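Protein sequence lines, in the order shown, are assigned to chains A and B.
All letters in the first sequence, in the order written, are residues 84 to 548 by the working numbering.
All letters in the second sequence, in the order written, are residues 5 to 368 by the working numbering.
Heads up, the beta-carbon is just placed ideally off N, CA and C, and yes, glycines get one too.
These numbers were taken from a predicted model, which means no experiment stands behind them.
Below: the structure, in structure tokens.
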Amino acid sequence: MIFSSITFLYFFLPAVILVYLVMPAKAKNSVIFISSLFFYAWGEKLLVLLFLGSIIFGWIMGLLIEKKRNSPWSKVFLIFAVIVNLGILFYFKYTDFFIQSINQSLKISIPLLKIALPIGISFYTFQLLSYEVDVYRGTVPSQKSFIDFGTYVAMFPQLIAGPIVRYSDIQTQLKNRQHTLEKTSQGIGKFILGFSKKVLIANSLGQFTAVFTTSTDLSVLYYWLYALAYMLQIYFDFSGYSDMAIGLGKIFGFEFNKNFDYPYISKSITEFWRRWHISLGTWFKDYVYIPLGGNRKGKGRQIFNIFVVWMLTGLWHGAAWNFVLWGIYFAILLIIEKLFLKKFLDKHNIFAHIYLLFLILLGFVLFNASSLNQAVSDIAGLFSFGKLPLISAEAIYYLKSYGIIIALAVIFATPLPKNLYIKLSGTKAEKFLMIAEPLVLAFLLIIGTAFLVDGSFNPFLYFRF
Amino acid sequence: MNSNKIKHILTITFLALICFSFSGILIFAPKKDYSMTERRTLKKVPAPNWQNLSSGKFMSDFDDFALDQFPLRDNFRSLKAVFSKYALFQKDNNGLYLYKGWLSKLEYPENPEKIGRQISKLNSIYKTYLENSNCKIYLSIIPDKNYFLAPKAKFPVMNYDYLLETVQNKLSYAEFIDIFPQVSLESFYKTDQHWKQEKILPVADTLLQVMANQKVSTFEFFQLENPFYGTYVGQAALSVKPDSILYGVNPDFTQVQVTSYNSGSPSPALLYDMNKAQGRDPYEMFLGGSDPLITIENPNEQEQKELIIFRDSFGSSITPLLIPAYSKITLVDLRYIQPSLLKNYLDFDSQDVLFLYSTLILNS
Numbered sequence: 084m085i086f087s088s089i090t091f092l093y094f095f096l097p098a099v100i101l102v103y104l105v106m107p108a109k110a111k112n113s114v115i116f117i118s119s120l121f122f123y124a125w126g127e128k129l130l131v132l133l134f135l136g137s138i139i140f141g142w143i144m145g146l147l148i149e150k151k152r153n154s155p156w157s158k159v160f161l162i163f164a165v166i167v168n169l170g171i172l173f174y175f176k177y178t179d180f181f182i183q184s185i186n187q188s189l190k191i192s193i194p195l196l197k198i199a200l201p202i203g204i205s206f207y208t209f210q211l212l213s214y215e216v217d218v219y220r221g222t223v224p225s226q227k228s229f230i231d232f233g234t235y236v237a238m239f240p241q242l243i244a245g246p247i248v249r250y251s252d253i254q255t256q257l258k259n260r261q262h263t264l265e266k267t268s269q270g271i272g273k274f275i276l277g278f279s280k281k282v283l284i285a286n287s288l289g290q291f292t293a294v295f296t297t298s299t300d301l302s303v304l305y306y307w308l309y310a311l312a313y314m315l316q317i318y319f320d321f322s323g324y325s326d327m328a329i330g331l332g333k334i335f336g337f338e339f340n341k342n343f344d345y346p347y348i349s350k351s352i353t354e355f356w357r358r359w360h361i362s363l364g365t366w367f368k369d370y371v372y373i374p375l376g377g378n379r380k381g382k383g384r385q386i387f388n389i390f391v392v393w394m395l396t397g398l399w400h401g402a403a404w405n406f407v408l409w410g411i412y413f414a415i416l417l418i419i420e421k422l423f424l425k426k427f428l429d430k431h432n433i434f435a436h437i438y439l440l441f442l443i444l445l446g447f448v449l450f451n452a453s454s455l456n457q458a459v460s461d462i463a464g465l466f467s468f469g470k471l472p473l474i475s476a477e478a479i480y481y482l483k484s485y486g487i488i489i490a491l492a493v494i495f496a497t498p499l500p501k502n503l504y505i506k507l508s509g510t511k512a513e514k515f516l517m518i519a520e521p522l523v524l525a526f527l528l529i530i531g532t533a534f535l536v537d538g539s540f541n542p543f544l545y546f547r548f
Numbered sequence: 005m006n007s008n009k010i011k012h013i014l015t016i017t018f019l020a021l022i023c024f025s026f027s028g029i030l031i032f033a034p035k036k037d038y039s040m041t042e043r044r045t046l047k048k049v050p051a052p053n054w055q056n057l058s059s060g061k062f063m064s065d066f067d068d069f070a071l072d073q074f075p076l077r078d079n080f081r082s083l084k085a086v087f088s089k090y091a092l093f094q095k096d097n098n099g100l101y102l103y104k105g106w107l108s109k110l111e112y113p114e115n116p117e118k119i120g121r122q123i124s125k126l127n128s129i130y131k132t133y134l135e136n137s138n139c140k141i142y143l144s145i146i147p148d149k150n151y152f153l154a155p156k157a158k159f160p161v162m163n164y165d166y167l168l169e170t171v172q173n174k175l176s177y178a179e180f181i182d183i184f185p186q187v188s189l190e191s192f193y194k195t196d197q198h199w200k201q202e203k204i205l206p207v208a209d210t211l212l213q214v215m216a217n218q219k220v221s222t223f224e225f226f227q228l229e230n231p232f233y234g235t236y237v238g239q240a241a242l243s244v245k246p247d248s249i250l251y252g253v254n255p256d257f258t259q260v261q262v263t264s265y266n267s268g269s270p271s272p273a274l275l276y277d278m279n280k281a282q283g284r285d286p287y288e289m290f291l292g293g294s295d296p297l298i299t300i301e302n303p304n305e306q307e308q309k310e311l312i313i314f315r316d317s318f319g320s321s322i323t324p325l326l327i328p329a330y331s332k333i334t335l336v337d338l339r340y341i342q343p344s345l346l347k348n349y350l351d352f353d354s355q356d357v358l359f360l361y362s363t364l365i366l367n368s
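Take a look at the structure:
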């Protein structure tokens, strides 16, 4: 089940909200936990048992790690938990990648296992790992209640597409959270804005990028349009989904940290990764980069640590070599910035913005390629002056057809609309906003619903995560 | 009460109202069986069982049901079409476009693989039935609406020259009859992909001049009372003026006998089926719509000339215009009959054989 679907919006969510509202406070977590398992099972069927098993295992390990804190067994349990969690993730996500790589390098043909990838496994595995490590470190106490723990891991707002929620961020909220008019209203607003980003902008741009991949009327302009459209599509898709997750969390009384902070206004790759998929970046920093030594063991070791983190980041995004290459690409850029470029970028804003957008655009072309060869071909297409026509009829057609959507996407990828809203809020326009805001949100829900009802095109980009 | 609190109450109220209202209607309102605008059956709630639950089919069927039975579905589809066109300035909606009152579907690019498959099918017919016969073989290709409309609207256009050249070259045993000059945008319905029977007399004339050394006969045209909303109307979900269907009648028609082999056995059929004219797709009034094999016998034709047409749906409306020139016309639609079964129904001897296909079918 995905948030941007009629089944979720008009069956599942109203039903869960109604039950949640009528249940006493003690039972509210059970409602979230059970409905989340149902939500997961809707898409993954019997794999919900694997998920439930992971939750039970994570809960037991947390209890054991804490119980044996003052003995070596605590570390043993932690290592065991990490191995099992990562082992499950490796099996489902990376086995065929591993087999394919062996086949390619040794020129043999071991048959692929074609294992179905459980949706959200990368997200919930990282949540479980962070919990177990935090319990081991003593940062958080283990959760004694299985229901509360299950609620933390499984809660459907953030289950299949993040943000990766740290247990430390919501442990008190599991037991004691506020349900207020303001919070609920803000949650609804955030959800609707995320829903609009996903359905109106991301899905529309996705239709265009899908057409591009089958086009035979290629041109340099067409490649640039595709690259720009994909860069915007993935941002609005991912950040839209995160917004929906954060909004839903708020409706149920939870405060999640933001996951995207207008990354395309960044002036360096370093800054970009502090604004893009923030929960993943901080996870890798806290659980891989810093334990490896971070920047505390000399430049050489820091560079090595950066490479490890970014190769793993690439791999986390997908089980294919273009993702590894994508990770290495960012590792190299980050190292260059750390060594000398960042100082220059800090002093040259315009150049820095152009630099950032250009490199991110190239990065996402690499990210979206179906293979390394495709990636090379797509990047070459951007610069094929002379080999490809500059423009083509199809490119002009799609520029005209998607120009407004792209322009809107560019504007909404910046904080300008939000800043304008904040500016108006403190003025006489506040009374106007009092009515306008709910009406706009209602309109967006209606329009978004219209797009869902009409379209069969509603891709879920995170199936590979 | 401060304005923020009012805003919060209004937000929750409006959104809850929308959400719960539509949920309630979706759950409790009677379910529709069929969509006239989309011309298809609508999904109902699937019955759960272990098999469809464990395979996920129940869930995907339920999602389809939720989409199909959503309240005011047609209105929402129209809203999306209007919003896409007039707010987002998108040129097409799910591949459908509206240009100065004309609805059409983007048909590009040319697909060499699909063209090749269609050619292979026809060549197989030739090799199996026609190569060693005395049949005179003709080929004619019908341009689709986009040939005329897409360049006007500056939309992507298929390479029609490639398609024409390829098909002609691969079917070089057939005499090519070029009907492109006899067709224009006005030959087509504004809301449907098909051509208008009253506008294709020049096409019929060209075909008959080549095949039968005759001019086309005279026809008196009558208009159906009901307006004709073509297939594109439902798909596009935009408000457009309907077409009118006209059908031509010739004195020979009083004695014409039409036989359908839809069920495998011969049964009487109609040249113009007035029941279908009131149905979900009024264009089906021409020879009753899709049919694997139809014969039309005209006892008024004295020379016993026979014609076999391998055709698509465009053939349904042009065939009546050819009747006066032939004592028997057999229509074959290879989409609905296995070529190997043709020997049970047809003797290919010395008939005129016409491969008559639209660019839409050749490219699909």
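Report the neighbours of residue i on chain A: residues whose CB is nearer than 9 Å to its CB, in chain order.
{"i": "B/A241", "result": "D537"}
Kindly list, in the order they appear in chain A, the residues whose Cβ is closer than 7 Å to that of residue i.
{"i": "B/S7", "result": "E513, K514 and M517"}
{"i": "B/F74", "result": "I89 and V536"}
Quick check: is any heavy atom of the ligand SAH less than 7 Å from the C-beta of residue i?
{"i": "B/T334", "result": "Here there are no bound small molecules, and the ligand SAH is not part of this structure."}
Looking only at C-alpha atoms, which of the options sits nearest to residue i?
{"i": "B/K61", "options": "A/W125, A/Q457, A/I139 and A/K150", "result": "A/W125"}
{"i": "B/S321", "options": "B/K203, B/K95 and B/D96", "result": "B/K203"}
{"i": "B/I4", "options": "B/P75, B/Q355 and B/E42", "result": "Not covered by the structure: residue 4 of chain B. The range shown for chain B is 5 to 368."}
{"i": "A/Y123", "options": "A/I198, A/L276, A/G233 and A/L439", "result": "A/G233"}
{"i": "B/G238", "options": "B/F24, B/I31, B/S25 and B/Y101", "result": "B/Y101"}
{"i": "A/I494", "options": "A/I89, A/Y345 and A/V523", "result": "A/Y345"}
{"i": "B/K35", "options": "B/S344, B/L46 and B/T41", "result": "B/L46"}
{"i": "A/M84", "options": "A/I202, A/K111 and A/G136", "result": "A/I202"}
{"i": "B/Y142", "options": "B/L71, B/A241 and B/D182", "result": "B/D182"}
{"i": "B/E117", "options": "B/V49, B/Y166 and B/M40", "result": "B/Y166"}
{"i": "B/L335", "options": "B/L274, B/I312, B/Y151 and B/V214", "result": "B/I312"}
Classify residue i: buried if its beta carbon has 16 or more other beta carbons within 10 angstroms, exposed otherwise.
{"i": "B/M278", "result": "exposed"}
{"i": "B/F225", "result": "exposed"}
{"i": "A/H431", "result": "exposed"}
{"i": "B/T81", "result": "The question names Thr, but residue 81 of chain B in the sequence shown is Arg. Its Cβ being crowded by 16 or more others within 10 Å, B/R81 is buried."}
{"i": "B/Y112", "result": "buried"}
{"i": "B/Y38", "result": "exposed"}
{"i": "A/M517", "result": "buried"}
{"i": "A/N153", "result": "exposed"}
{"i": "B/Y307", "result": "For clarity, residue 307 of chain B is Glu in the given sequence; the question names Tyr instead. Per the 10 Å Cβ criterion, exposed."}
{"i": "B/D337", "result": "buried"}
{"i": "B/P155", "result": "exposed"}
{"i": "B/V339", "result": "What sits at residue 339 of chain B in the sequence shown is Arg, not Val. Exposed, by the Cβ-count rule."}
Could you name the residues of chain B that residue i contacts, counting a contact when the two beta carbons are closer than 8 Å?
{"i": "A/P240", "result": "Residues of chain B passing the Cβ test: none, with the nearest at roughly 16 Å."}
{"i": "A/D300", "result": "P113 and P160"}
{"i": "A/K483", "result": "F93 and K95"}
May I ask which residues mark the beginning and end of the beta strand (DSSP E) holding residue i?
{"i": "B/F192", "result": "It is not in any beta strand (DSSP E) - B/F192 carries neither H nor E in the DSSP assignment."}
{"i": "B/I224", "result": "Going by the sequence as given, residue 224 of chain B is Glu instead of Ile. First-last of the beta strand (DSSP E) with B/E224: E224 to Q227."}
{"i": "B/S271", "result": "S271 to A273"}
{"i": "B/F145", "result": "Per the sequence shown, the amino acid found at residue 145 of chain B is Ile instead of Phe. That run of the beta strand (DSSP E) goes K140 to I146."}
{"i": "A/Y250", "result": "Where A/Y250 is concerned, there is no enclosing beta strand (DSSP E), although the alpha helix (DSSP H) it sits in stretches over Y250 to K258."}
What residue range does the alpha helix (DSSP H) around residue i cover?
{"i": "A/R358", "result": "I352 to R358"}
{"i": "B/L126", "result": "P116 to I129"}
{"i": "A/A490", "result": "A476 to F495"}
{"i": "A/E149", "result": "L130 to K150"}
{"i": "A/Y207", "result": "I204 to R220"}
{"i": "A/S118", "result": "A108 to E127"}
{"i": "A/D231", "result": "F229 to A237"}
Name, please, each residue of chain A whose Cβ falls closer than 8 Å to the Cβ of residue i.
{"i": "B/C23", "result": "L92, Y93, L96, P97 and L528"}
Give the interface partners of residue i over in chain B, defined as CB-CB distance under 7 Å, in chain order.
{"i": "A/G488", "result": "Note on residue identity: the sequence assigns Ile, not Gly, to residue 488 of chain A. What A/I488 touches in chain B: L92."}
What are the uninterrupted segments assigned as beta strand (DSSP E) that are 3 or more residues long and contained completely in the region 313–383 of chain A, given in chain order? none
Mind listing, in chain order, the continuous alpha helix (DSSP H) runs of no fewer than 4 residues lying wholly within the region 262–289 of chain A? 264–279
Can you list, in chain order, the stretches of the beta strand (DSSP E) that have 3 or more residues and sit fully within the region 266–335 of chain B? 271–273, 297–301 and 310–315
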